[in-house]
């Protein structure tokens, strides 16, 4: 019986192949190959509501691709990086530093396809050195010998980029500060600062610029949630702009999948502005297509950082 | 055995549904003279050939060029199912807006996204619509493109060019603009939607800093030209077309140069009715 079943299934397979007939892949063929879309999301982004809001996004992408969408939540940066690098997921949104790490691991097997262009035309954000408003620190120089909290080794704005800028400004971040450690996330970094564990912490700042001030970032989000008071903090130093986060896909997936998901995501602010807002994107912003070249400066920073660590040099 | 055959039948059925025949992509080509759809000829300019070949390769289908006399003919051909993709202007799109939709336009080099623009008045003001603001004084949120050029363009698209209003103030930023509105220095505030969002979002949960204001108008600028499809095109093909086009300036600059035209920086997706004013224009 088992043998006959095999014959029947083989016949079905032949029948399908015969139905196909032509050399061109039929519409829907790539969906059969993919069967589902697996997207990595950070489970502990600075606004926990984002994860819940991703449900609408998941529904949108599912409808657009005609495939079920599975979200893989990761509580840290490295989880997302490894999920994409290992092929456990097909697509992920990650900061430039995260993509640089993926690029270092799998090169052309991953490709950034989209980033956000803000209403004012910018495609970048900033690192901010955050201190308590009541503290005596006014400039970065005031923090010599003090404790500094970084976000995560894989954080672009919370580690990689500001350290490079500090070095450009003649500050060796490994010797200038008395002690530094990783908080594990932007929210955790702000909480640790608020609790007195650090004298200063590095956070992401967006929705503005150093001249006009910022409107987005972990401490803004936390203040809106009632967790902290915005007036309790001050930004005393900035670095940037840093290229905005990238939507990164695995290039060993069918090209029609890459095209369809890029098209669906790019169309989102126009097709469904409410979902666009629900996933935390500002009004007036939209996706724009990018390539690896857009992140080349970050890739170089990451490569330099990794090379220095491998050489045993503290940086 | 019976269950196995039933399952096999189900597999065949679902496979047949999934494997819909590959339809060619027929693109309207405004040449001044109508003609039958045909594969690109040998005399096709290299850039146009690059465009056709890119679409054919990425959609894995035949791409046919369909000569039409003008934009109105292209629109009719699109609506009737004779072509699948056509570049239209608002005049051509209007009569077929029920059967077709726009999917792509171009963003010119140095231009911004097609930003939604908001006009707000004090909650107690009598104005209920843009038309009620004839002769009203305005305050803009700055002299940058996003704060001045785009809002003015959007207002003009709806019949409310500069002359429609009274005095116009350009404030330092969105907060200064709101302060001036609240101080009675202007009767209406004009912001791009991102600035409005920043202005109104409070630092506390659920806080709305604009409770004393009321939005009377919110629109994007009207697209001057856009690529349109029939509304019955599958999501798969629609999103793949968008996905291919938005990356074309990076992936095939030659094809992009031909398809997007001079001065374009990239393709930009659009809402379905981007070629038409959404709601009344002033005086209509």
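Protein chains in written order, with this note's numbering: chain A, 139 to 453; chain G, 4 to 287. Glycine residues also receive a C-beta, built at the ideal position from the N, C-alpha and C atoms.
Around residue 274(G), the beta-carbon contacts reaching into chain A at under 8 Å are 408 and 409.
For the 9 Å CB-CB criterion, residue 249(G) and residue 257(A) do not form a contact. Within the DSSP bridge table, the entry for residue 244(A) names no partner. With three or more CB-CB distances shorter than 8 Å, the region 116-132 of chain G counts as touching the region 144-156 of chain G. If only uninterrupted alpha helix (DSSP H) runs of at least 4 residues are considered, those enclosed by the region 311-366 of chain A are 311-314, 324-332 and 356-362.
The beta-carbon of residue 324(A) is placed no less than 9 Å from the nearest beta-carbon of chain G. As a beta-bridge residue in DSSP terms, residue 70(G) pairs with 32(G). Any Cβ of chain A closer than 9 Å to the Cβ of residue 84(G) would place that residue at the interface, and such an atom is absent. Contact of residue 412(A) with chain G is not assigned, every C-beta pair being separated by 9 Å or more.
The alpha-carbon of residue 252(G) is positioned some 31 Å away from that of residue 145(G). Taking C-beta separations shorter than 7 Å and ignoring five residues to either side along the sequence, the partners of residue 81(G) in its chain run 31, 89, 99, 103, 231 and 233, following chain order. Within chain A, the C-beta atoms nearer than 7 Å to that of residue 118(G) come from 257 and 422, in chain order. Residue pairing of residue 232(A) in beta bridges, as defined by DSSP: 384(A). Under the 9 Å criterion on CB atoms, residue 394(A) is classed as interfacial with respect to chain G. Close to residue 257(G), with beta-carbon spacing below 8 Å, lies no residue of chain A; the smallest spacing is near 16 Å.
Under the DSSP assignment, residue 271(G) falls in the beta strand (DSSP E) whose first and last residues are 267-272.
The C-beta of residue 250(G) comes closer than 9 Å to at least one C-beta of chain A. Chain A places a beta carbon closer than 9 Å to that of residue 201(G), counting this residue as a contact.
Around the beta carbon of residue 129(G), a 10 Å sphere encloses fewer than 16 other beta carbons of the protein chains shown; the residue is thus reported as exposed.
Look at the beta carbons and you see the region 340-349 of chain A touching the region 252-271 of chain A: at least three pairs across the two are nearer than 8 Å. Between residue 243(A) and residue 223(A), the C-beta spacing is below 9 Å. The beta carbon of residue 215(A) sits closer than 7 Å to those of 236, 290, 292 and 293, all from its chain and outside the five residues before and after it, given in chain order. Under the DSSP assignment, residue 218(A) falls in the alpha helix (DSSP H) whose first and last residues are 215-223. The region 294-303 of chain A makes no contact with the region 364-371 of chain A; the number of CB pairs closer than 8 Å stays below 3. Under the three-state reduction of DSSP, residue 265(A) is assigned to strand.
Between residue 191(A) and chain G, the shortest Cβ-Cβ separation is not below 9 Å.
One Cα belongs to residue 236(G), the other to residue 220(G), and the distance between them is close to 32 Å.
Going by C-alpha positions, residue 420(A) is about 9 Å away from residue 196(G). Using beta-carbon distances, residue 425(A) counts as an interface residue toward chain G, with a partner under 9 Å.
Listed in chain order, the non-local C-beta contacts of residue 263(G) below 8 Å within the same chain comprise 109, 251, 252, 269 and 270, local neighbours out to five positions each way being set aside. When the five nearest sequence neighbours on each side are left out, the beta carbons in the same chain lying within less than 7 Å of the beta carbon of residue 211(G) are those of 203 and 205, in order along the chain.
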